[in-house]
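In the numbering used here, the protein residues as written are 398 to 662. Glycine included, each C-beta is placed from N, C-alpha and C at the ideal position. Structure first, commentary second.
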């Protein structure tokens, strides 16, 4: 179903495309005043619309060590205690499992902090840098395609460490951090600005973890720059090392957040 929907979302369907986009905007209450192209007719495919760019100035960046990387809702946030990340009441998962079972990478975040941001269908779906960073590695981890909405997070054990995901590790002025882009049901694909589509499913999916080492390349992105996008929904999990500071006092589980606002102050 996910492959079929992803294929349709990338097809040019003539007059049907703006009709579908209008129905989607009405159904989910999408705010098109923020978009660079506001008319449904301006998009050639549904994914062209779904990955739409914002108009200049729509997301001013806060003056903070780390800003929110995406629009969405805060699923959970807090301390990574003994390698465990809080998912929902009664449920945690290991940071090592989330990061594709790399204990050395996971140990960098012991006693650090995490934030899980859920992007609903109505949200802007490009992901941006929380701070300046130099890319060190990227992993594509095949997995399940469970929905990642709050109800599923409450019901499925280790949801974010079981779903397909792309793990991006960066160095920053504050130490290492990781951004994990989690796939889900109906998510057509995940893309990064330096690689393009990371997980095409036309061949049925990878047999194992694929790793790209960027240690010898200078791929550096500034705070607020785009780093990737989802083609149809999902979740971002951000891991930061100890000593970064505290989360914004405006944050709480379930609150709505916007890319560019202060996250760690």
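(request) Evaluate residue 594 with the Cβ neighbour count: other Cβ atoms within 10 Å of its Cβ, from every protein chain shown; 16 or more gives buried, anything less gives exposed. (result) In the chain shown, residue 594 corresponds to position 197, counting from 1. Exposed, because fewer than 16 other Cβ atoms sit within 10 Å of the Cβ of residue 594.
(request) Given a cut-off of 8 Å, decide if residue 526 and residue 466 are closer than it, judged by their beta-carbon atoms. (result) Within the chain shown, numbered from 1, the residue matching residue 466 stands at position 69. Within the chain shown, numbered from 1, the residue matching residue 526 stands at position 129. Cβ atoms of residue 466 and residue 526: closer than 8 Å.
(request) Give every residue of the same chain whose Cβ lies closer than 7 Å to the Cβ of residue 566, excluding the five residues on either side of it in the sequence, and list them in chain order. (result) Taking the first residue of the chain shown as position 1, residue 566 is located at position 169. Only 502, 533, 534, 573, 575 meet the Cβ criterion.
(message) For a test of the three-state rule: what should DSSP assign to residue 506, helix, strand or coil?
(response) Translated into the one-based positions of the chain shown, residue 506 becomes position 109. In the structure shown, residue 506 sits in coil (DSSP, three-state: anything other than H, G, I, E or B).
(message) Using 8 Å as the threshold, is the C-beta distance between residue 654 and residue 513 below it?
(response) Position 257 of the chain shown, counted from the start, is the residue given in the question as residue 654. Position 116 of the chain shown, counted from the start, is the residue given in the question as residue 513. At the C-beta level, residue 654 and residue 513 stay beyond 8 Å of one another.
(message) For a test of the three-state rule: what should DSSP assign to residue 434, helix, strand or coil?
(response) As a position in the chain shown, residue 434 is number 37, starting the count at 1. In the structure shown, residue 434 sits in coil (DSSP, three-state: anything other than H, G, I, E or B).
(request) May I have the straight-line CA-CA distance separating residue 387 from residue 450, to the nearest angstrom? (result) This structure leaves residue 387 out entirely; the chain is present only between 398 and 662.
(request) Inspect the beta-carbon positions of residue 683 and residue 474 and report whether they are closer than 8 Å. (result) Absent from the model: residue 683. The displayed extent of the chain is 398 to 662, so no value can be given.
(message) On a Cα-Cα basis, can you pick out the residue from 485, 522, 417 that is closest to residue 587?
(response) Reading the chain shown from its first residue, position 190 is the one you call residue 587. Looking at the Cα atoms, 522 is the closest of the given residues.
(message) Could you tell me which whole alpha helix (DSSP H) segments of length 4 or greater appear in the stretch 496-554?
(response) 500-504, 547-552
(request) Report back the beta-carbon spacing between residue 659 and residue 459 to the nearest angstrom; my notes put them in contact at under 8 Å. (result) In the chain shown, residue 659 corresponds to position 262, counting from 1. In the chain shown, residue 459 corresponds to position 62, counting from 1. With a beta-carbon spacing of about 4 Å, residue 659 and residue 459 fall inside the 8 Å limit used to define contacts.
(request) Please name the residue in 412, 541, 448, 554 whose C-alpha comes closest to that of residue 481. (result) The sequence position of residue 481 within the chain shown is 84, counting from 1. The residue with the shortest Cα to Cα distance from residue 481 is 554.
(message) DSSP three-state label for residue 556, please.
(response) Here the question's residue 556 lines up with position 159 in the chain shown. If DSSP states are grouped into helix, strand and coil, residue 556 belongs with the helices.
(message) Suppose contacts are defined by Cβ-Cβ distances below 8 Å. Is residue 499 in contact with residue 477 by that definition?
(response) As a working note, residue 499 is residue 102 in the chain shown. As a working note, residue 477 is residue 80 in the chain shown. No, the pair does not count as a contact, with Cβ atoms beyond the cut-off.
(request) Would you kindly work out how many angstroms separate the C-alpha atoms of residue 734 and residue 618, rounded to a whole number? (result) What the structure shows of the chain is the stretch from 398 to 662, and residue 734 is not part of that stretch, so it cannot be assessed.
(request) Might you give, ordered along the chain, the residues of its own chain that have their beta carbon closer than 7 Å to the beta carbon of residue 408, omitting 5 neighbours on each side? (result) Locating residue 408 in the chain shown gives position 11, where the first residue counts as 1. So the qualifying residues of the chain are 442.
(message) In this structure, how does DSSP classify residue 656 when only helix, strand and coil are distinguished?
(response) Within the chain shown, the letter at position 259 stands for residue 656. Residue 656: coil per DSSP, three-state reduction.
(request) Could you tell me how far apart the beta carbons of residue 516 and residue 632 are, in whole angstroms, since I believe they sit closer than 8 Å? (result) For the purposes of this step, residue 516 is taken as residue 119 along the chain shown, with counting starting at 1. For the purposes of this step, residue 632 is taken as residue 235 along the chain shown, with counting starting at 1. About 7 Å; that satisfies the 8 Å criterion.
(request) Kindly identify the DSSP beta-bridge partner or partners of residue 610. (result) Start at 1 with the first residue of the chain shown, and residue 610 comes out as number 213. Bridge partners of residue 610: 534.
(request) Work out the CA separation of residue 437 and residue 661 for me, nearest whole Å. (result) For the purposes of this step, residue 661 is taken as the residue at position 264 of the chain shown. For the purposes of this step, residue 437 is taken as the residue at position 40 of the chain shown. If you take the alpha carbons of residue 661 and residue 437, they lie about 36 Å apart.
(request) Spatial neighbours of residue 563 within its chain, please: CB distance less than 6 Å, with the 5 preceding and 5 following residues excluded, ordered by chain position. (result) As a working note, residue 563 is residue 166 in the chain shown. Once the five neighbours on either side are set aside, the close Cβ partners of residue 563 are 537, 578, 587, 595.
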